[in-house]
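For the record, the sequence lines run as chains A and B. Here this note's numbering is used: the first residue of the first sequence is 24, the next is one more, and so on. Here this note's numbering is used: the first residue of the second sequence is 220, the next is one more, and so on.
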Amino acid sequence: MTALERHSYDVVVIGAGGSGLRAAIEAHEHGLRTAIVCKSLFGKAHTVMAEGGIAASMGNVNPNDSWQVHFRDTMRGGKFLNNPRMAELHAKEAPDRVWELETYGALFDRTPEGKISQRNFGGHEYPRLAHVGDRTGLELIRTLQQKIVSLQQEDLAEHGDLDARIRVFAELTITDLLKDGDAVAGAFGYHRESGEFVLFEAPAVILATGGIGKSFKVTSNSWEYTGDGHALALRAGATLINMEFVQFHPTGMVWPPSVKGILVTESVRGDGGVLRNSEGKRFMFDYVPEVFRDQYAKTEDEGDRWYTDPDNNKRPPELLPRDEVARAINSEVKAGRGSPHGGVFLDVSTRLSAADIIRKLPSMHHQFKELADVDITAQPMEVGPTCHYVMGGVEVDADTEAAIVPGLFAVGEVSGGMHGSNRLGGNSLSDLLVFGRRAGAGAAAYLESLGDRRPTVTDDAVDAAAATAMAPFSPGATGAAGADAAAENPYTVHADLQQSMNDLVGIIRRESEMTEALERLQVLRRRASRVVVDGGRRYNPGWHLALDLRNMLDVAECVARAALERTESRGGHTREDHPGMDPEWRRVNLVCRKAADGGIELHHQPSLAIDPLLLALFERSELEKYLTAEELAVLADEQPVPGQAASSSAAVDEPEGRA
Amino acid sequence: MSYRASFRVWRGDDSGGGLQDVTVEVNEGEVVLDVIHRIQATQLPDLAVRWNCKAGKCGSCSAEINGRPKLMCMTRMNTFAEGETVTVTPLRTFPVVRDLVTDVSYNYEKARQIPAFAPPEGLAPGTYRMQQVDVGRSQEFRKCIECFLCQDVCHVIRDHDDNKKSFAGPRFLMRAAELSMHPLDARTDRAELARDGQGIGLCNITKCCTDVCPEHIKITDNAIIPMKERVVDRKYDPLVWLGSKIRRRP
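In structure tokens, the structure reads:
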């Protein structure tokens, strides 16, 4: 049987970004022996790319904020397709998760009273994002990384070994989950450095692998974002939901070509930046959709007054949710009113002093100066949409993050439901912490329920996983696709996949193009099976990419199939041939699973009903824009009168313990 | 706007290696990492290179470019003349794994030797109060992306491998300063730990670390020198010395 390194843990957390580390901290607190597997070095996870902040209704800047308002904003942002229980837990628990970071040593920017400062962001009614300049993600990852180290130091004092109860495995990629019957029994992978195989025997696995952006050409995501967790879950028998919803962030860099897609933080707009087309017009005023008409300014003057007097004015439409802004930019460019390099202008130089820009947006200033020779204190930026985030992911239980496969949990971007059809900026970092903690606790509860009945890994399963991982070294071994056909280069297959997804399943979608995408994906699958890599097993990026390709292809097919099926436009899914939002579709989740033949199967599943007490947080006139006549009829009988509900229901409690 | 550039890339592993000449296309606006990726995709598919964000935020793609420690993703090709040969080698201070990838575990070991932030006792989460001017000093150091270029350039360890045991390097002296300047850190022995555990005395403030920092953190002036002053204050201040003598009397 395969030679390999073996480890035994209570729980293996795959992914060392914000959600993985928070899950590991919680698992450790519950006494579980915990392994953290990172694909990169420790502390390099994609969380560092988050810029603007972490959304939590602490009310430090505007005391009118509360979890109810945050919940409402989140549901509106997701066009009411969100898993309502997740949105509720998220809004309620986010403040505690942020405050907890301060006890780990985080240093957020402060208000004049010395509290955590909060900034405005798209779709959030009040200033809500705790932040550190425009490098909040770095602060989050470093804080959690240092908290893990502090737990290890406590273990050293108690057990004489830093790694006694929580160990970090850096530069290790998991390629397969292993099962015992229905339940998770472990994970199989390789050390990047040596190419040697590793087996983790563990009854609980928490997926925290992030997103899928590397299936698209223009993306703000790093190389790791190859949908590993999504694909591992699929192959282990779990289900993915809402995969058609992919967020294109409205503002990525568009020039020079080599940096196309790199993120320009939404804070630029939150702090006063405006979008203009080539005619100098603030075009966003023309793109406020009906559902948001009452919540946004109608004139530039009103929008400008809002920055200093938010109680008496409405916010400018540059701060609409991301899907709206991305579509608007796309339309302007298409109409011939774009910037020289195919974007639009984002200008903060005429809105803030140079000193303020450098203080509030230091890394944007640095990034444009170093990479594009643009000084944002004096010139506008050129920006356009970039693939940024996938709302879809592993279907989980809202309270425990358990997938349908016993022992499997998913958290953060790899999980689905929380953000519905579109995520609000700032809701990702809070999602990581709220559900990271819950996943760690969920795994602990699962282990307790198992007692001594631990699943075991068979040698056959290990051998099969090893054979799959070695396939790219042995041309023709995968047989069926035709060993005699030409060998493929993994980099070329990857580039072709990215181009296909970008062109055919991008920001604006059409039936014919998605049908073509599915055909091309079949061809790419056959080509991927003929990929051959040069060199040996030690730190061989060609081999690493060949193995990641398998995951990207599975995930790309889920996106394309679900996008073809959903014949409406909602959030991060825009159909040119079905431009309207249809309340009947709001009641449907599209669920992907792996079919016996290795393809992707899709079925419809009713979305979770929203608790009437949560619905009571909205005006009926607003609900009419989202719900079916049938749902509204039921509501008329049941809906409690707002105001009376506050005293009788847990769901509409006053915000707790605001400090 | 494209041209063919001459690159020399170090290839090899812990048993040895050498520079390999490559001619490769370069397009407008590209950075060194783009060119390395093109070499990988078209000529040397197993060329080992570590990178993540390609936006100067994660600190993974550190290497030496024409002998200078740099992030490959933030080094524009237009900083070189078209005819100039660009030489890319791995960080010299750390053992080579393969090609441009080095074993940076030294840094993670040093990180684990610094006592963590000690939260103040009796202060509940949510009740922390700090002024911007006070958090600002430590925030400068928390901009660090852990690219380890400062560690690579520091001659205390670059040229003297034996010093690695007793010297934590600029990145982690700065971490000690960051904790020491944290308005609410409850520990009072950070300076002593920097002296006894981190070898701060070995630093002779040549400021090479500050020069190479891609985040432009003033590592020497704002972190290491104040930390050295705290060490000196405690150890050599005559009043502190007298106080300690008086207090020790029975």
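Heads up, the beta-carbon is just placed ideally off N, CA and C, and yes, glycines get one too.
How should residue i be labelled, buried or exposed, when 16 other C-beta atoms within 10 angstroms of its C-beta is the threshold for buried?
i                  : result
Gly-248 of chain B : buried
Asp-240 of chain B : exposed
Ser-290 of chain A : buried
Gly-448 of chain A : buried
Pro-629 of chain A : exposed
Tyr-222 of chain B : exposed
Val-451 of chain B : exposed
Phe-226 of chain B : buried
Pro-339 of chain B : exposed
Arg-214 of chain B : Past the edges of chain B, shown from 220 to 469, lies residue 214 of chain B, and the structure says nothing about it.
Glu-328 of chain B : exposed
Ser-140 of chain A : buried
Asp-14 of chain A  : Outside the modelled stretch of chain A, which goes from 24 to 682, sits residue 14 of chain A, for which no answer is possible.
Pro-457 of chain B : exposed
Ser-438 of chain A : buried
Lys-202 of chain A : buried
Thr-322 of chain A : exposed
Using the three-state DSSP reduction, which class does residue i fall into: helix, strand or coil?
i                  : result
Ser-386 of chain A : helix
Gln-270 of chain A : strand
Pro-408 of chain A : strand
Gly-416 of chain A : strand
Pro-678 of chain A : Bear in mind that the predicted position of Pro-678 of chain A carries a pLDDT of just 42, short of 50, making it too unreliable to give a figure here.
Gly-502 of chain A : Its pLDDT being 48, under 50, Gly-502 of chain A is placed unreliably by the model, and nothing is read from it.
Trp-470 of chain B : No statement about residue 470 of chain B is possible, as the shown extent of chain B runs from 220 to 469 and does not include it.
Gln-259 of chain B : helix
Glu-381 of chain B : The sequence shown places Asp at residue 381 of chain B, rather than the Glu named in the question. Correct three-state label for Asp-381 of chain B: helix.
Glu-249 of chain B : coil
Ser-523 of chain A : helix
Gly-16 of chain A  : What is shown of chain A runs 24 to 682, which leaves residue 16 of chain A out entirely.
Ala-50 of chain A  : helix
Ser-63 of chain A  : coil
Val-457 of chain A : helix
Thr-538 of chain A : helix
Ala-210 of chain A : strand
Asn-423 of chain B : coil
Ile-417 of chain B : One detail in the question is off: residue 417 of chain B reads as Gln in this sequence, not Ile. Residue state, collapsed to three classes: coil.
In terms of residues, what are the limits of the alpha helix (DSSP H) holding residue i?
i                  : result
Cys-428 of chain B : 427 to 431
Cys-581 of chain A : 564 to 588
Val-356 of chain A : 345 to 357
Gln-173 of chain A : The question names Gln, but residue 173 of chain A is Ser in the sequence shown. 159 to 182 is the span of the alpha helix (DSSP H), which, as asked, contains Ser-173 of chain A.
Ser-644 of chain A : 643 to 646
Val-485 of chain A : 482 to 493
In the DSSP assignment, the beta strand (DSSP E) including residue i goes from what residue to what residue?
i                  : result
Glu-18 of chain A  : No information on residue 18 of chain A is available, as it lies outside the stretch 24 to 682 that chain A covers here.
Tyr-149 of chain A : Here Tyr-149 of chain A belongs to no beta strand (DSSP E), and DSSP marks it neither H nor E.
Asp-203 of chain A : 195 to 203
Asp-371 of chain B : Here Asp-371 of chain B belongs to no beta strand (DSSP E); instead the alpha helix (DSSP H) covers 368 to 372.
Glu-136 of chain A : No beta strand (DSSP E) contains Glu-136 of chain A, which DSSP labels as neither H nor E.
Asp-294 of chain A : Where Asp-294 of chain A is concerned, there is no enclosing beta strand (DSSP E), given that its DSSP letter is neither H nor E.
Ala-433 of chain A : 431 to 433
Worksheet item: Taking any Cβ of chain B, which residues in the region 316 to 345 of chain A have a Cβ under 9 Å from it, in chain order?
Response: Of all residues in the region 316 to 345 of chain A, none has a Cβ within less than 9 Å of some Cβ in chain B.
Discussion item. Give me the subset of the region 125 to 137 of chain A whose CB atoms are less than 9 Å from a CB atom of chain B, sorted by chain position.
Written reply: Glu-125, Thr-126, Tyr-127, Gly-128, Ala-129, Leu-130, Phe-131, Asp-132, Arg-133, Thr-134, Pro-135, Glu-136 and Gly-137
Worksheet item: Closer than 9 Å, Cβ to any Cβ of chain A: which residues of the region 360 to 373 of chain B, in chain order?
Response: Arg-361, Lys-362, Cys-363, Ile-364 and Glu-365
Discussion item. In chain order, what are the residue ranges of uninterrupted beta strand (DSSP E) at least 3 long that sit wholly in the region 283 to 365 of chain B?
Written reply: 287 to 290, 305 to 308 and 315 to 317
Item to complete: Would you list, in chain order, the members of the region 510 to 532 of chain A that have their beta-carbon closer than 8 Å to a beta-carbon of chain B?
Response: Asn-512, Pro-513, Tyr-514, Thr-515 and Ala-518
Worksheet item: What residues from the region 243 to 263 of chain B come within 9 Å of chain A, judged by C-beta to C-beta, listed N to C?
Response: Asn-246, Glu-247, Gly-248, Glu-249, Val-250, Leu-252, Asp-253, His-256, Gln-259, Ala-260, Thr-261 and Leu-263
Worksheet item: For the region 271 to 292 of chain A, which residues have a CB atom closer than 8 Å to at least one CB atom of chain B, in sequence order?
Response: Taking 8 Å as the Cβ-Cβ cut-off against chain B, the residues of the region 271 to 292 of chain A that qualify are Trp-278, Pro-279, Pro-280, Ser-281, Val-282, Ile-285 and Leu-286.
Worksheet entry | Length-filtered (4 minimum) alpha helix (DSSP H) runs lying within the region 429 to 458 of chain B | 444 to 455
Worksheet entry | the region 266 to 277 of chain B: positions lying closer than 9 Å to chain A by Cβ | Under the 9 Å Cβ criterion, the region 266 to 277 of chain B contributes Leu-266, Ala-267, Val-268, Arg-269, Trp-270, Asn-271, Cys-272, Lys-273, Ala-274, Gly-275, Lys-276 and Cys-277.
Practice prompt. Give the residues from the region 415 to 438 of chain B that approach chain C closer than 7 Å (Cβ to any Cβ), ordered along the chain.
Written response: Of the protein chains in the structure, A and B, none is chain C.
Worksheet entry | Runs of alpha helix (DSSP H) lying entirely within the region 390 to 414 of chain B, each at least 4 residues, in chain order | none
Discussion item. Using a Cβ-Cβ cutoff of 7 Å, what residues of the region 206 to 217 of chain A are near chain B? List them in chain order.
Written reply: Glu-216
Discussion item. Along the region 434 to 451 of chain A, where does the CB come closer than 9 Å to a CB of chain B? Name the residues.
Written reply: none
Worksheet item: Which of the residues in the region 62 to 93 of chain A, read from start to end, lie with their CB under 7 Å from any CB of chain B?
Response: Ser-63, Leu-64, Phe-65, Gly-66, Lys-67, Val-71 and Met-72
Worksheet item: In the region 549 to 562 of chain A, which residues sit with their C-beta less than 9 Å from some C-beta in chain B, listed in chain order?
Response: Val-556, Asp-557, Gly-558, Gly-559, Arg-561 and Tyr-562
Worksheet item: Which residues, in chain order, does the region 229 to 241 of chain B contribute to contact with chain A at a C-beta distance below 9 Å?
Response: Here the close residues are Asp-232.
Discussion item. By the 7 Å beta-carbon criterion, what residues does the region 230 to 258 of chain A contribute toward chain B?
Written reply: Ser-245, Trp-246 and Glu-247
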